[in-house]
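Undergrad: Pasting in a structure now, in structure tokens, and then I'll have a few things to ask.
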Amino acid sequence: MSPTHFRVKSLAGKIFSSVLVFTLGIIVLLAVAMTTIYYVSYERDAEAELAASAQDAARYLNATPSAENAPALKSQFSGLTRYTLIAPDGTVLFDSAADTGTMDNHADRPEVQEAAEEGEAVTLRYSDTLGTDTVYAAVKLDDGGIVRLSETRHSLLSFLGDMLVPVLVALLVAVVLVFVLSKVLTNRIMKPIDALDFANPLDNEIYEEMDPLLIRIDEQQRQLKAQNRELAEAENMRRDFSSNVSHEMKTPLQVISGYAELMKNDMVQPADRQKFAALIYDEAQTMRSLINDVLTLSKLDESAFDDEGAPAIELLSVAERVAGRLSSFASDQGVEVRVEGAPACIAGSRTLAEEMLYNLIENGVRYNHEGGSVVMRVEPEGDEAVVRVSDTGPGISPDLRDKVFERFFRVDKSRSKETGGTGLGLAIVKHAVIYHGGTIAVEGEEGQGTTFILRFPAAS
1 MSPTHFRVKS LAGKIFSSVL VFTLGIIVLL AVAMTTIYYV SYERDAEAEL AASAQDAARY
61 LNATPSAENA PALKSQFSGL TRYTLIAPDG TVLFDSAADT GTMDNHADRP EVQEAAEEGE
121 AVTLRYSDTL GTDTVYAAVK LDDGGIVRLS ETRHSLLSFL GDMLVPVLVA LLVAVVLVFV
181 LSKVLTNRIM KPIDALDFAN PLDNEIYEEM DPLLIRIDEQ QRQLKAQNRE LAEAENMRRD
241 FSSNVSHEMK TPLQVISGYA ELMKNDMVQP ADRQKFAALI YDEAQTMRSL INDVLTLSKL
301 DESAFDDEGA PAIELLSVAE RVAGRLSSFA SDQGVEVRVE GAPACIAGSR TLAEEMLYNL
361 IENGVRYNHE GGSVVMRVEP EGDEAVVRVS DTGPGISPDL RDKVFERFFR VDKSRSKETG
421 GTGLGLAIVK HAVIYHGGTI AVEGEEGQGT TFILRFPAAS
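At position 319 of the sequence shown (counting the first as 1) the number is 319 in UniProt numbering, and the numbers step up by one without a gap.
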């Protein structure tokens, strides 16, 4: 697996870096924006000031004879501002920054043309004479000449370059401040997160954005606790089941072993050998029934039954077939078995359905009295298939109706031993009903018989 699959992202580091980058980005943008605004404002004021100076120079020259304009400019106006006097035909009469003898005719200059037409002009363009970006303010004189003032200007990029050092110093100070602020802010944000009590997720006082996560954690913890309880219960049930199976098998094994030992040592009279053999056979059958029931329950626990490809199971015919198999046993017990009703179908395992109905009828016969009866009624009711099994036995008290489905539970343990029950029949019935998506209920009064009611989703 690639190491990137184990990359750990720090929430504190993410918050810190995000705040730092965002804040510095804002500072840089603000610095550039403010510098640009300052540059534009400064240039606008400088142009206005240059235009006002040009107007002053024009007023002075208009009050001076035209022949003395050039000497007047040279004597009265100096400094960083460049002054140029241009004749009406474009000839340069005076320039404070260049030799007029080497200068071209200025009649085609944009500011000269605009001033000649409009009376004044302010333009920014590249100066061929000075080789720089220059702002020009030109005013038309009374004699038709033009007085022009000009100053060199830095471009915006050049201006930003000049501001680079102070901006960098400001950024450095800002970085330090933002670093400290980000650390403090990150610690404040992370403090309640670091203090989270995941053992009790819903008791934490935390940001509402984390509520879905904490609710999910709480739900998962509840599910894990429930699963742990179920596992513990299943383990206890398995342990009890194993213990009960061992106990149930111990008695017939002891009987078989004891009688077989007597027969082996010729300690049984010839007249009693058939009796002892019958006892050994009966105990062996009890063990076989117990083993079969245990295997059936194990398959049910593992959902190992399949539907065997049958489209549907018709319960009435299954009940009649089961009753036929038990007719001899019922006759020996002196109990009448009847099957009534109408065809009703369910989906599932035919083998398991037969086992389920077999155990119900056998249980009704086994725990009955001579001359009693067991009636199994099958009928469809709406979208359900219903099976009712009623017997004339001793009945089951209300407080024991849920327990009769527990493994190895017997209402009358002494009588159960006499009748040969394994104590697993009704447990198999309940699991089989659940396997088929049904429900089972117990009705009847103690001493007046019992009725088991099974309801299943009907199948076509």
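Here a beta-carbon is modelled for each residue, glycine too, at the ideal position from N, C-alpha and C.
If Gly438 and Leu426 are in contact, beta carbons under 8 Å, what's the gap, nearest whole angstrom?
TA: About 15 Å; that fails the 8 Å criterion.
Undergrad: Quick one: Cα of Leu30 to Cα of Tyr38, how far?
TA: When rounded, the distance between both Cα atoms is 12 Å.
Undergrad: Determine which residues share a DSSP beta bridge with Pro398 and list them.
TA: Its beta-bridge partners do not exist; DSSP assigns none.
Undergrad: Going by the CB atoms, is the gap between Ala344 and Val378 shorter than 8 Å?
TA: The answer is yes: Cβ separation under 8 Å.
Undergrad: My output table needs one value for Leu85: the three-state DSSP class, helix, strand or coil.
TA: Looking at Leu85 - three-state DSSP - the assignment turns out to be strand.
Undergrad: Could you have a look at Met376 and say whether DSSP puts it in helix, strand or coil?
TA: Reduced to three states, the DSSP call for Met376 is strand.
Undergrad: Apart from the five residues on each side of it in sequence, which residues of its chain come closer than 7 Å, Cβ to Cβ, to Pro110?
TA: For Pro110, where only same-chain residues beyond five positions count, the Cβ hits under 7 Å are Thr123, Arg125.
Undergrad: Name the residue from Val135, Ala195, Glu362 whose alpha carbon lies nearest to the alpha carbon of Glu49.
TA: Selected option, being the one with the closest Cα: Val135.
Undergrad: So Glu354 and Val374 are supposed to be a Cβ contact under 8 Å. How far apart are they, rounded?
TA: Glu354 to Val374, Cβ: 16 Å. No contact.
Undergrad: What three-state label does DSSP hand Asp211 in the structure shown?
TA: Correct three-state label for Asp211: helix.
Undergrad: Give, in chain order, every unbroken run of the beta strand (DSSP E) that is at least 3 residues long and sits entirely within the region 301-355.
TA: For the region 301-355, whole beta strand (DSSP E) runs of length 3 or above, ordered along the chain, are 336-341.
Undergrad: Do you know offhand how far Arg288's Cα is from Pro212's?
TA: So the alpha carbons of these two residues sit roughly 56 Å apart.
Undergrad: Could you compute how far the alpha carbon of Ala277 sits from the alpha carbon of Lys264?
TA: Answer to the nearest angstrom: the Cα atoms are 12 Å apart.
Undergrad: Would you say Gly393 and Gly334 are within 8 Å of each other, going by their C-beta atoms?
TA: No, Cβ-Cβ distance for Gly393 and Gly334 is not below 8 Å.
Undergrad: Thinking Ile428 and Asn359 are a contact (beta carbons under 8 Å), I'd like their distance in whole angstroms, please.
TA: With a Cβ gap of about 6 Å, Ile428 and Asn359 count as contacting.
Undergrad: From the DSSP output, in three-state form, read off Pro3 for me.
TA: Unreliable placement is indicated for Pro3, whose pLDDT of 47 sits below 50; no coordinate value is reported for it.
Undergrad: Does the region 137-144 come close enough to the region 170-186 that 3 or more CB-CB pairs lie under 8 Å?
TA: Result no; under three Cβ-Cβ pairs closer than 8 Å.
Undergrad: Please look up how many angstroms separate the CB atoms of Ala195 and Ile346, rounded, as I've assumed it's under 8 Å.
TA: At roughly 57 Å, the Cβ-Cβ gap does not stay under 8 Å, so Ala195 and Ile346 are not in contact.
Undergrad: Do Pro88 and Gly145 have their CB atoms nearer than 8 Å?
TA: Yes, Cβ-Cβ distance for Pro88 and Gly145 is below 8 Å.
Undergrad: Look up Lys140 in the DSSP assignment and give the residues it is bridged to.
TA: BP columns for Lys140 point to Ile146.
Undergrad: Is Pro457 helix, strand or coil by DSSP?
TA: Strand.
Undergrad: What whole-angstrom Cβ distance do Thr100 and Val112 have, given they're in contact under 8 Å?
TA: Not confirmed; about 15 Å, so no contact.
Undergrad: Consider the Cβ of Ile256: report whether some Cβ of chain B lies at a distance smaller than 8 Å.
TA: Considering every chain present, this structure includes no chain B. It has just one protein chain.
Undergrad: Whose CA, out of Asp391, Ala234, Lys225, lies closest to the CA of Ala199?
TA: If we check each option's Cα against that of Ala199, Lys225 comes out closest.
Undergrad: Where does Tyr281 land, buried or exposed, given buried means 16+ other C-beta within 10 angstroms?
TA: Tyr281 should be labelled exposed.
Undergrad: Given this structure, state the Cα-to-Cα distance separating Gln223 from Glu230, to the nearest angstrom.
TA: Straight-line Cα distance between these residues: approximately 10 Å.
Undergrad: Can the beta-carbon of Ala174 be found closer than 8 Å to that of Ile27?
TA: Closer than 8 Å, so yes.
Undergrad: Indicate the three-state DSSP secondary structure (helix, strand or coil) for Arg109 in the structure shown.
TA: Three-state result, Arg109: coil.
Undergrad: For Thr35, which three-state DSSP category applies?
TA: In the structure shown, Thr35 sits in a helix (DSSP, three-state: H, G or I).
Undergrad: Grab me the residues of Lys74's own chain with a C-beta within less than 8 Å of its C-beta, minus the 5 sequence neighbours each way, in chain order.
TA: The answer, listed in chain order, is Phe94, Ser96.
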